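Undergrad: The number in the working numbering is simply the position in the sequence shown, starting from 1, with 2 added.
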Amino acid sequence: MSLIPPTFLDKVVALGTPDKDGNIRYAASGFLYGQPSGNQGRYYVYLVTNRHVVKGIRSPQIRFNALAGTAPKILPLPPNDGGPNDHWIFHPDEDVDVAVLLIDSLGQGLRDVKMAFFTGNGQTERLESMKGGSVSEGDEVFVLGFPLGLAGAEQNYVIVRQGVIARIQDCYERRSKEFLIDSFVFPGNSGGPVILKPTMFSYGQTRPDPKLIGVVAAYQPFVDVALSEQTGTPRLIVQENSGLATVVPVDLIQETVELAAERYGIAHSVLSS
3 MSLIPPTFLD KVVALGTPDK DGNIRYAASG FLYGQPSGNQ GRYYVYLVTN
53 RHVVKGIRSP QIRFNALAGT APKILPLPPN DGGPNDHWIF HPDEDVDVAV
103 LLIDSLGQGL RDVKMAFFTG NGQTERLESM KGGSVSEGDE VFVLGFPLGL
153 AGAEQNYVIV RQGVIARIQD CYERRSKEFL IDSFVFPGNS GGPVILKPTM
203 FSYGQTRPDP KLIGVVAAYQ PFVDVALSEQ TGTPRLIVQE NSGLATVVPV
253 DLIQETVELA AERYGIAHSV LSS
């Protein structure tokens with residue numbers, strides 16, 4: 003039996019852009035994140051991805067998974083044009099690679115889409131809670147997304163990979179805005195969610211439920227430089243995937259969502275992780 007609920011897979015979306023033939027080439031991932039409103043049972047749903055994804059894709063398209071027997075839905079997203087009516091909201095710190103978009107702002111096209119989303123008041127784990135719960139280096143995670151544009155032909159069959167938290171103490175101490183996981187990610191994984199794997203055995207701590215703990219930002223490259231024996235100058239630079247990846251924690255996603263809510267004049271309910 004899988005330790006990740008199947009519904010979690012439906013919360014991940016593929017992001018891409020049309021090629022010259024009109025076919026969508028998927029280049030990144032994102033996920034849906036719901037914030038409770040003042041009305042019971044009502045959620046405002048946001049698309050979460052990376053800043054560099056939004057700024058790097060022209061004519062962006064979003065592909066939702068098929069739910070309840072419906073066909074997958076592909077919709078255009080507003081571009082990041084930098085204008086006063088730009089719908090995208092970035093974290094104010096340019097070193098934080100997070101972008102959010104209020105899905106309701108897409109209007110009529112969403113009426114037929116049945117969306118699954120992570121709830122900001124129950125399915126997330128913030129840094130303070132993680133630290134108090136002894137989440138540390140070596141804890142296992144799932145990484146969800148669409149590496150190398152591998153979205154399904156008929157449906158968004160998300161790719162699930164495993165890894166472990168490689169370094170997080172500096173994030174707990176607020177010396178870093180990101181933490182590291184030991185998991186191979188590739189182009190296309192950017193913007194995908196990272197899920198803390200549930201476990202019943204962790205030095206007295208029990209974590210029976212999977213939790214969203216962050217968003218993939220990028221892999222950490224290993225750079226090897228070949229020098230000329232004659233001049234001592236670089237002749238060849240080779241960059242490889244080190245197997246380590248940076249993750250932006252949920253805390254900074256939440257900060258960005260709250261900025262978006264302020265921009266749209268939305269009042270969220272008080273959240274608890």
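For each residue, glycine too, the CB sits at the ideal point set by N, CA and C.
The structure displayed is predicted, hence computed values, not measured ones.
#1: Given that a residue counts as buried once 16 or more other Cβ atoms are within 10 Å of its Cβ, and exposed if not, what is S4?
#2: Do the region 247-262 and the region 161-181 meet, that is, are 3 or more Cβ pairs less than 8 Å apart?
#3: Which runs of the alpha helix (DSSP H) at least 4 residues long sit entirely within the region 145-220? Give them in chain order.
#4: Between P236, V217, S185, which has its C-alpha nearest G193's C-alpha?
#5: According to DSSP, which residues form a beta bridge with N243?
#6: How would you label P195, buried or exposed, when you count the other beta carbons within 10 angstroms and need 16 or more for buried?
#7: Out of S244, V225, F224, F148, state which residue places its alpha-carbon closest to the alpha-carbon of T51.
#8: I'd like the list of long-range same chain contacts for A168, defined as Cβ closer than 7 Å, with 5 residues on each side in sequence excluded.
#9: Tell me, which residues are paired with P49 by DSSP?
#10: Can you tell me which of the three DSSP states S275 falls into?
#11: Among the residues of its own chain, which have a CB less than 8 Å from the CB of R27, if the five just before and after it don't count?
#12: From the DSSP output, in three-state form, read off K22 for me.
#13: Helix, strand or coil for V137, going by three-state DSSP, please let me know.
TA: Taking the structure as given:
#1: S4 counts as exposed, since fewer than 16 other beta carbons sit within 10 angstroms of its beta carbon.
#2: Yes, the region 247-262 touches the region 161-181.
#3: Entirely contained in the region 145-220, the alpha helix (DSSP H) runs reaching 4 residues are, in chain order, 171-174.
#4: Of the residues P236, V217, S185, the one whose Cα lies closest to the Cα of G193 is V217.
#5: BP columns for N243 point to P223.
#6: If you draw a 10 Å sphere on the C-beta of P195, you find 16 or more other C-beta atoms in it, and that means buried.
#7: Ranking S244, V225, F224, F148 by Cα distance to T51 puts F148 first.
#8: Hits under 7 Å: E139, L182, I183, D184, L246.
#9: Before going on, a small fix: residue 49 reads as Leu here, not Pro. As DSSP reads the structure, L49 sits in a beta bridge with L34, L103.
#10: With a pLDDT of 43 at S275, under the threshold of 50, the predicted position of this residue should be treated as unreliable, and no value is reported.
#11: Here the set comprises G18, T19, P20, D21, G151.
#12: Of the three classes helix, strand and coil, the one that applies to K22 here is coil, per DSSP.
#13: Correct three-state label for V137: coil.
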